[in-house]
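From first to last, the protein sequence lines stand for chains P and V. Be aware that the first sequence starts at 1, since it is given in the numbering used here, and climbs by one per residue. Be aware that the second sequence starts at 1001, since it is given in the numbering used here, and climbs by one per residue. C-beta: ideal position from N, C-alpha, C; glycine also. Owing to the predicted nature of the structure, the values given are computational and were not obtained by experimental measurement. Written below as structure tokens is the structure these notes are about.
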Amino acid sequence: MAVCTDTPEQIANGRKKHGLMGTFLADPKLEVTDLFGLRNLNTALRPPGLPGLPIPTTLLIDSEGIVRWKDQSADYMQRSNPDYVRAALNEYF
Amino acid sequence: MLTIATDIAALAVVLLVLTTMVWFKRVDRVAIPDNRFVFLLLWWLAVLLGAASFFSSQANWLSGIYGALAILGGGTLLALYALRKQGVGEEAISVGEAIPHFSAVDEEGVIFDSLAMAGSPVLLKFFRGHW
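Dropping the structure here:
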């Protein structure tokens, strides 16, 4: 499941373009992002029309709603490597 | 019109365009190399060659345009690179904490409530969307 700042229309386009699967939630006002405290506080690069951007973060949440694993980029040019996430999935679930 | 200054400036633009194309091709695949030294080196080289073309005694308007393009483009990419660090807040969720209750709409406008996640493990990603 993913949360991003795109509007529902942009999500639909992105899904078509990149062949994405899973549930995608629109969070253009960063309401969900802020609940998790994941807004990027470095505001030097803020895209036009958006209050800010989330820090790219991957969370593994157990069936009780507890965060079991977290991977966060210190750098917006990095993302969680799929193999890295897969290894964490195998370890925790 | 085609002088050594134009050659240098044109080389700077070609270097900039090719390096940037490779970079964005890899961004699109979410596969930025960990070692970015070569990209940074080539962008710097484009800026320096662009600047060098201005100091040539054979500089002309064409070399000026190419040179300015290389300096502006390379400079912008280097600036974006310098600003890449993320500012993490103290309230950021940590391992061992319960997630907050939230709701948001999906791409079809249907409201998703986080209570629906209860009872099964979830991989949740926050990402920058098309940015």
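Less than 8 Å separating the beta-carbons of residue i and residue j?
{"i": "V:Lys1085", "j": "P:Asp75", "result": "yes"}
{"i": "V:Ala1046", "j": "V:Leu1015", "result": "yes"}
{"i": "P:Gly85", "j": "V:Leu1124", "result": "In the sequence on display, residue 85 of chain P carries Val and not Gly. Not a contact, by the Cβ cut-off of 8 Å."}
{"i": "P:Leu38", "j": "P:Pro54", "result": "yes"}
{"i": "V:Asp1113", "j": "V:Ser1103", "result": "yes"}
{"i": "V:Gly1074", "j": "V:Trp1043", "result": "yes"}
{"i": "P:Phe36", "j": "V:Phe1126", "result": "yes"}
{"i": "V:Leu1083", "j": "P:Leu41", "result": "no"}
{"i": "P:Ile11", "j": "V:Met1117", "result": "no"}
{"i": "P:Met1", "j": "P:Gly14", "result": "no"}
{"i": "P:Pro8", "j": "V:Glu1097", "result": "no"}
{"i": "V:Ala1059", "j": "V:Ala1005", "result": "yes"}
{"i": "P:Pro56", "j": "P:Ser73", "result": "yes"}
{"i": "P:Phe24", "j": "V:Asp1007", "result": "no"}
Does residue i get closer than 8 Å to chain P when you measure Cβ to Cβ?
{"i": "V:Gly1087", "result": "yes"}
{"i": "V:Leu1083", "result": "yes"}
{"i": "V:Ser1063", "result": "no"}
{"i": "V:Ala1059", "result": "no"}
{"i": "V:Asp1113", "result": "no"}
{"i": "V:Leu1025", "result": "The question names Leu, but residue 1025 of chain V is Lys in the sequence shown. Taking Cβ atoms only, chain P never reaches closer than 8 Å to V:Lys1025, which makes this a no."}
{"i": "V:Ser1094", "result": "yes"}
{"i": "V:Ser1120", "result": "yes"}
{"i": "V:Leu1124", "result": "yes"}
Kindly say whether residue i, judged by its beta-carbon, lies nearer than 8 Å to any beta-carbon of chain V.
{"i": "P:Arg15", "result": "yes"}
{"i": "P:Met21", "result": "no"}
{"i": "P:Ala26", "result": "yes"}
{"i": "P:Arg86", "result": "no"}
{"i": "P:Asn40", "result": "yes"}
{"i": "P:Gly49", "result": "no"}
{"i": "P:Asp83", "result": "no"}
With 16 other CB atoms within 10 Å as the buried threshold, where does residue i fall?
{"i": "V:Val1122", "result": "buried"}
{"i": "V:Ser1063", "result": "buried"}
{"i": "P:Val32", "result": "buried"}
Segment contact, 8 Å Cβ cut-off, at least three pairs: the region 1006 to 1015 of chain V with the region 55 to 75 of chain P: No contact exists between the region 1006 to 1015 of chain V and the region 55 to 75 of chain P.
Start-end ranges of the alpha helix (DSSP H) lying completely within the region 1014 to 1089 of chain V, minimum 4 residues: 1037 to 1055 and 1061 to 1082
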